[in-house]
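Colleague:
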Amino acid sequence: MQIDFFCPIWGSEQLPLDEFLRRVKSDGYAGVEMNIPFDEAYGDRLRDGLARYGLKLICQQYLAPEGESPAAYERRLTGYLTHLADFEPVLLNSHTGRDHFSFDDNCRLIEAAEAVARERGVKLVHETHRGRFSFSAFATRAYLERFAGLRLTADFSHWCCVSESYLEDQWESVSLAIDRADYLHARIGHDQGSQVTHPGAPEVATAREAHLAWWDRIVENQRVSGTRTFNICCEFGPVPYLPVVPFTGVPLASQWDNNLYVKRLLSERYLT
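Under the numbering used here, the sequence shown has 57 at position 71, and the numbering climbs by one with no breaks.
1. How about D177 and Y152: do their beta carbons lie closer than 8 Å?
2. Would you list the one or two residues that DSSP bridges to P237?
3. Going by CA-CA distance only, name the one from G65, L198, H81, G40 that's closest to G17.
4. When you compare only the Cα positions, how much space is there between Y227 and R132?
5. Roughly how far, in whole angstroms, is the beta-carbon of I(-11) from the beta-carbon of F216, given that I think they are within contact range, below 8 Å?
6. Let me know the beta strand (DSSP E) ranges lying completely inside the stretch -11 to 70, each 3 residues or longer, listed in chain order.
7. Which stretch, first to last residue, makes up the alpha helix (DSSP H) that contains Y129?
8. Apart from the five residues just before and just after L246, which ones in its own chain have a Cβ nearer than 8 Å to its Cβ?
9. Residues bridged to C219 by DSSP?
10. Should S159 and R127 be called a contact, given that it needs their Cβ atoms to be closer than 8 Å?
11. Using only CA atoms, which one of A191, V76, A123, Y59 lies nearest to N92?
12. H197 lies in the alpha helix (DSSP H); which residues open and close that run?
13. How far does the beta strand (DSSP E) with A140 in it reach, from first residue to last?
14. Looking at C-alpha atoms only, which residue of L136, S149, G186, L1 is the closest neighbour of L162?
15. Between I174 and N207, is the Cβ-Cβ spacing less than 8 Å?
16. So for L252, helix, strand or coil by DSSP?
17. Any chance the stretch 68 to 80 sits against the stretch 20 to 31, with 3 or more Cβ pairs inside 8 Å?
18. Across which residues does DSSP place H176 in a beta bridge pair?
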C-alpha cells in the first residue's frame, strides 16, 4: 500500500502560494491540504502551482462560526463544499456541524454534505474535531451508528483534550471510529490539550504511544481492505496550538519541523 503524506497550508498562509508549494514539494510531500477562498485568481494560481510541482490536493471545509441557525449554516456548508469540489480534490475533509446543534440538526447537515459529495463525485470524510458534531468519541459514536456509510478523518488529539484522557475507558467508541477512518491527521494531543510541544520529546511518550497505537490500527485496516493509497496529513499547528515563551511570543518549537518529524516517523514505521 502506498502512503501519501500531505502538508497543511494552516500556519503557512503568510507565504506566497508558489513559495509554499515549492517548499512542500522539496520536503517530499505528495500534496497539500487546504481550504480555498472564493477567489477566482487565487484558484487559478493554485491549479497552476499544483500542476507545476506535481502535487495532489485535499480540500478542507472549515467555516468560522457565525452564530447562525442550522438552516443558515447548511446553506454556507453546501455552497462551500460545492466550491471546493470544483478543484477535484483527492478528498473533501469536512469540519461538519456544531457541538451545540441538536443531534437531528447535525444529522441533516451530514446528509446535506454527503449529497453534495455524491452529486459531484468526490469522496467526503468528516474530521473528528472539537466544536463539530464529532467533538468527542462518545458523541461521534451515535452518528456512526446512525449512518452506516459515514467515514471519518481521524484526529483523536481533540478527543484526548475533550475527555482529559487517552480514551482508555471509551474503547468501543474509539474502535468504531478507527474502523470508519479513511484519512488521518497525524497530530499528537494529550489529556490537557490537543497538541504536544514536540512529537519526539521524551516527556510526551505516553501521548505518542497512545496515538501510534490508534494510527497503527487505522493503517492496518486500510492494508487489509485493499486500499491502494492511504493519505496522512502531518498536522501539527501554529501558535496558539504551539506554545510560546511568555511575554515574547517566541514559539517553543517549529511547526514545520514538527510535521517533518511526524512524516519521518511514520515513513519509517509504515514504509520500511
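Think of the CB as a built atom: it goes at the ideal place given N, C-alpha and C, for glycine as much as any other residue.
Modeller: This is what the structure gives:
1. Closer than 8 Å, so yes.
2. BP columns for P237 point to V230.
3. The candidate whose alpha carbon is nearest that of G17 is G40.
4. In this model, Y227 and R132 are separated by some 32 Å (Cα to Cα).
5. Going by Cβ atoms, the distance from I(-11) to F216 rounds to 5 Å, so yes, they are a contact pair.
6. Within the stretch -11 to 70, the runs of beta strand (DSSP E) that reach at least 3 residues and sit entirely inside it are, in chain order, 17 to 20, 42 to 47.
7. In this chain, the alpha helix (DSSP H) harbouring Y129 covers 123 to 132.
8. Once the five neighbours on either side are set aside, the close Cβ partners of L246 are D13, C220.
9. BP columns for C219 point to F(-8), H171.
10. A contact, by the Cβ cut-off of 8 Å.
11. Just measuring C-alpha positions, the residue of A191, V76, A123, Y59 sitting nearest N92 is Y59.
12. Here the alpha helix (DSSP H) through H197 covers 191 to 210.
13. 138 to 140 is the extent of the beta strand (DSSP E) around A140.
14. Checked all of L136, S149, G186, L1; the closest Cα to L162 is L136.
15. With contacts defined as CB atoms closer than 8 Å, I174 and N207 fail to qualify as a contacting pair.
16. In the three-state scheme derived from DSSP, where H, G and I count as helix and E and B as strand, L252 is classed as helix.
17. The stretch 68 to 80 vs the stretch 20 to 31: in contact.
18. As computed with DSSP, H176 is found in a beta bridge with G179.
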